[in-house]
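Quick note on the UniProt record's numbering: the sequence shown kicks off at 1 and runs consecutively. Every residue gets a Cβ at the ideal spot worked out from N, C-alpha and C, and that includes glycine. Computed from a predicted structure; not experimentally measured. Here is the structure we will look at.
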Amino acid sequence: AGARSRRGMRLAAGVRERVAAVHGGGGLPERLRLYDGWAARYDQVPGGPGPFRSPPFPGAADRCVPPQDVAALEYRAPELAAASLAFAFPAPPAGARLLDVACGTGLVARELHRRGFRCLHGVDGSAGMLERARSTGLYRRLRPCVLGREPLPAPAEHYDAVTVVGALGEGQVPSTAVPELLRVTKPGGFLCLTTRSNPSNLRYKVELEAALERLERQGAWQKVLAREVEHWERATSEEESTQGTGYISGVVYVYRKCPVPRLEEG
């Protein structure tokens, strides 16, 4: 365990600084500026000039060079979320319309595409991240949106599934924005959410889970699964590490929106 802890903490100073900056206490404009600046390095292929693109043929992903900072962090949330959603999805996903909220550079889209999802829309508050996402060719539509500050650019009950991976955390998307995710989801549609369980995010996680449970009590949705994962990504400090492992833990939630109840006549 000690050796694993030392490996987990052996992150380059630049990676630690970038992660700390975007999860820090700065205001929204500063945070978006940091994401714009991080976009090029976030998923750049080491030694290559362009972004990490979708594999050119089935199975090629396993032989591609992994993204730069994402690889250093061993960031597993996109893969875990996509696998959980695909497991829960009852029908072939190719025709399903899905919204990837806070889509970043398209890491979640890549994992969803590998699992058969093809009709992908994305929103993000960072123009730099959207530019990289557009270059993947995986999204049919991309729009700017800062969830929590403005509504999603979509009509009600428009999507078969909605994902928010990596953005539900302290100083990012507020837990009060969850009903807006439900608004754009079709009755019977799925919502896949993630958050981190490291010490600096525990207060937010408590607030988020209270909001999720309140919506379930109100009959807005039903929990399909909640999956706790120990090795979510590498910790950026000993204080954030889970029991000295060198990693932080996280959780994937999948909910299904309840059908609109019929109004009784008379």
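Item                                                                                                                    : Value
Three-way DSSP call (helix, strand, coil) for glycine 266 in this model                                                 : Confidence at glycine 266 is low in this model, with a pLDDT of 38, below 50, so its placement is unreliable and the value that follows should be read with caution. Note: glycine 266 maps to coil in three-state DSSP.
Where residue 267 falls, given that 16 or more other Cβ within 10 Å makes a residue buried                              : This structure cannot speak to residue 267, because the chain is shown only from 1 to 266.
Neighbour-count burial assignment, glutamine 172, 16 or more Cβ in a 10 Å radius                                        : buried
Buried versus exposed call for glycine 137 [16 or more other C-beta atoms within 10 Å across all chains shown]          : exposed
The segment 179-195 in contact with the segment 160-171 per 3-pair CB rule at 8 Å                                       : yes
When Leu168, Leu107 and Ser200 are compared against leucine 147, the one with the closest alpha-carbon                  : Leu168
Cutoff 9 Å: valine 229 Cβ touching any chain C Cβ                                                                       : Chain labels in this structure do not include chain C; a single protein chain is all it has.
Contact check, leucine 85 vs valine 254, beta carbons under 9 Å                                                         : yes
Spatial neighbours of arginine 140 in its chain, beta-carbon cut-off 8 Å, leaving aside the 5 residues before and after : Cys119, Leu120 and His121
Per DSSP, the bridge partner or partners of histidine 121                                                               : Leu99 and Arg141
Limits of the unbroken beta strand (DSSP E) element including alanine 161                                               : 159-164
CA-to-CA distance, alanine 220 to lysine 257, given in whole angstroms                                                  : 6 Å
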